[in-house]
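Enquirer: Quick one: the structure is below, and I'll ask about it shortly.
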Amino acid sequence: MKTAPEPIQPVFFAHGAPTLALADTEASRFLKSFGSEGKRPKGILILSAHWETEGLRLSAPGPLRTYHDFRGFPAELYDISYPANAVEDQVDETAKRLEAAGYDVELDSEWGLDHGAWVPLSLAFPGAGVPVTALSLPNGSTPETVFNLGRAVAPLKEQGVLIIGSGSTTHNLREIHPQGSSAQQWAVDFDNWLDVGLEKGSIDYFTDLESAPGFRRNHPTEEHLLPLFFALGAAGSGAPPELLHRSYEYGSISMSYFRFAA
Numbered sequence: 613m614k615t616a617p618e619p620i621q622p623v624f625f626a627h628g629a630p631t632l633a634l635a636d637t638e639a640s641r642f643l644k645s646f647g648s649e650g651k652r653p654k655g656i657l658i659l660s661a662h663w664e665t666e667g668l669r670l671s672a673p674g675p676l677r678t679y680h681d682f683r684g685f686p687a688e689l690y691d692i693s694y695p696a697n698a699v700e701d702q703v704d705e706t707a708k709r710l711e712a713a714g715y716d717v718e719l720d721s722e723w724g725l726d727h728g729a730w731v732p733l734s735l736a737f738p739g740a741g742v743p744v745t746a747l748s749l750p751n752g753s754t755p756e757t758v759f760n761l762g763r764a765v766a767p768l769k770e771q772g773v774l775i776i777g778s779g780s781t782t783h784n785l786r787e788i789h790p791q792g793s794s795a796q797q798w799a800v801d802f803d804n805w806l807d808v809g810l811e812k813g814s815i816d817y818f819t820d821l822e823s824a825p826g827f828r829r830n831h832p833t834e835e836h837l838l839p840l841f842f843a844l845g846a847a848g849s850g851a852p853p854e855l856l857h858r859s860y861e862y863g864s865i866s867m868s869y870f871r872f873a874a
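All residue numbers for the sequence shown refer to this note's numbering, where the first residue is 613 and numbers rise by one.
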């Protein structure tokens with residue numbers, strides 16, 4: 613008799629700069645420990661801030677391209693390959709859940725995994741031994757729509773699939789400082805505001821992002837924040853957040869990692 617997989621709690625990963633894949637930082641060490649100490653998932657479903665599309669797209673079954681979607685970084689970064697596969701049964705089950713919730717989803721065989729996906733996965737799950745499916749971030753998304761997208765795929769966690777939102781709780785590349793700089797107060801203040809809302813456990817707290825302290829300074833555009841609400845939605849309303857790790861890189865990029873209890 614086949615044993616049912618253990619449910620796995622959804623998570624939010626900060627993916628930072630692509631150099632996170634090579635660097636020895638507090639965040640990279642956390643990601644390595646996350647994969648080695650936690651339950652090994654049956655599969656992974658990840659929504660990255662860097663795959664924005666018109667409409668909703670999902671990885672087609674098959675090998676996933678390691679997409680080096682950046683320029684001007686060290687040559688060794690471009691040599692990294694994360695040869696993950698999207699397996700047919702997981703893709704089909706994800707598509708079925710989305711369609712049942714009323715979404716039109718298109719299978720995509722071109723994109724693969726951008727650095728918002730493969731960089732943290734290469735640290736947490738080296739070797740690409742866990743099947744991975746990527747889900748896109750539709751243009752025009754809001755905290756509520758991304759939360760609802762997470763709710764649509766929430767049953768997958770009961771099947772042993774780790775649902776991941778990958779982005780950053782602060783993301784202003786025009787205000788980065790030398791690595792090792794103290795965290796900027798405006799970034800800390802925004803994280804504190806965010807923590808209060810997550811503790812409340814209601815997406816309603818986030819309906820007016822413009823009212824958050826220093827919102828546009830932290831997020832000139834909001835795509836890096838939105839994956840957080842995907843993980844929150846997959847856990848469900850009222851799911852208490854667990855802050856697994858927080859550090860700051862370049863003085864203003866928050867490397868915050870959350871797990872949401874069922």
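Glycine included, each C-beta is placed from N, C-alpha and C at the ideal position.
Using three-state DSSP, classify ALA698 as helix, strand or coil.
Expert: Within the sequence shown, the letter at position 86 stands for residue 698. Strand.
Enquirer: Quick check: the region 806-821 against the region 643-659, are at least 3 beta-carbon pairs closer than 8 angstroms?
Expert: Contact fails: fewer than three Cβ-Cβ distances are below 8 angstroms.
Enquirer: Does the beta-carbon of THR602 have 16 or more other beta-carbons within 10 angstroms, so that it is buried, or is it exposed?
Expert: Any property of residue 602 remains undetermined from this structure, which presents the chain solely from 613 to 874.
Enquirer: Where does GLY762 sit, in a helix, a strand or coil, going by DSSP?
Expert: Your numbering for residue 762 matches position 150 in the sequence shown. Here GLY762 sits in helix by DSSP.
Enquirer: Tell me whether ARG828 is buried or exposed, calling it buried when 16 or more other Cβ atoms sit within 10 Å of its Cβ.
Expert: Within the sequence shown, the letter at position 216 stands for residue 828. Result: exposed.
Enquirer: Tell me whether VAL689 sits in a helix, a strand or coil according to DSSP, three-state version.
Expert: If you number the sequence shown from 1, residue 689 lands on position 77. Note on identity: in this sequence residue 689 is Leu, with Val being the wrong assignment. Here LEU689 sits in helix by DSSP.
Enquirer: The beta strand (DSSP E) spanning LEU749 covers which residue range?
Expert: On the sequence shown, residue 749 is found 137 positions in, with the first residue counted as 1. That run of the beta strand (DSSP E) goes 744-750.
Enquirer: With DSSP run on the structure shown, which of helix, strand or coil describes GLU861?
Expert: In the sequence shown, residue 861 corresponds to position 249, counting from 1. Three-state DSSP puts GLU861 in a strand.
Enquirer: Enumerate in chain order the residues of its own chain whose CB-to-CB distance from GLY850 is below 8 angstroms, with the five nearest sequence positions on each side excluded.
Expert: Walking along the sequence shown from the start, residue 850 turns up at place 238. Result list for GLY850: GLY813, SER814, in chain order.
Enquirer: Under 8 angstroms between the Cβ atoms of HIS783 and HIS836?
Expert: Locating residue 783 in the sequence shown gives position 171, counting from the first residue. Locating residue 836 in the sequence shown gives position 224, counting from the first residue. Cβ atoms of HIS783 and HIS836: closer than 8 angstroms.
Enquirer: Taking DSSP's pairing of strands, which residues face ALA626 in a bridge?
Expert: Translated into positions along the sequence shown, residue 626 becomes position 14. Paired residue(s): GLY779.
Enquirer: In terms of residues, what are the limits of the beta strand (DSSP E) holding ARG669?
Expert: One-based indexing of the sequence shown puts residue 669 at position 57. Its beta strand (DSSP E) spans residues 668-671.
Enquirer: Could you tell me the distance, in whole angstroms, from the CA atom of PHE883 to the CA atom of ARG786?
Expert: Nothing about residue 883 can be read from this structure; the chain reaches only from 613 to 874.
Enquirer: Leaving aside the five residues before and after LEU821 along the sequence, list all residues of the same chain whose C-beta is less than 6 angstroms from its C-beta, in chain order.
Expert: Numbered from 1 along the sequence shown, position 209 holds the residue referred to as residue 821. Once the five neighbours on either side are set aside, the close Cβ partners of LEU821 are PHE827.
Enquirer: Whose C-beta lies closer than 7 angstroms to the C-beta of PRO750 among residues of the same chain, with five residues either side of it excluded?
Expert: Here residue 750 is taken as the residue at index 138 of the sequence shown, counted from 1. Same-chain partners within the cutoff: THR665, GLY667, LEU668.
Enquirer: Compare the C-alpha of VAL703 against each of THR637, LEU844, ALA672, SER693 and name the closest.
Expert: Numbered from 1 along the sequence shown, position 91 holds the residue referred to as residue 703. Checking every option, the nearest Cα to that of VAL703 belongs to ALA672.
Enquirer: Say whether the region 765-774 touches the region 702-718, bearing in mind that this needs 3 or more beta-carbon pairs closer than 8 angstroms, one atom from each stretch.
Expert: Touching, yes.
Enquirer: According to DSSP, is GLY809 part of a helix, a strand, or is it coil?
Expert: Position 197 of the sequence shown, counted from the first residue, corresponds to residue 809. Three-state DSSP puts GLY809 in a helix.
Enquirer: Taking the C-alpha atoms as reference points, what is the distance between MET613 and GLY772?
Expert: Reading the sequence shown from its first residue, position 1 is the one you call residue 613. Reading the sequence shown from its first residue, position 160 is the one you call residue 772. With a pLDDT of only 48 at MET613, under 50, the local geometry of the prediction cannot be trusted, and no value is derived from it.
Enquirer: For ARG828, list the residues DSSP reports as bridge partners.
Expert: Within the sequence shown, the letter at position 216 stands for residue 828. Looking at the DSSP assignment, ARG828 forms no beta bridge with any residue, so it has no partner.
Enquirer: For TRP663, does the three-state DSSP call read helix, strand or coil?
Expert: Start at 1 with the first residue of the sequence shown, and residue 663 comes out as number 51. In this structure, TRP663 counts as strand in the three-state DSSP scheme.
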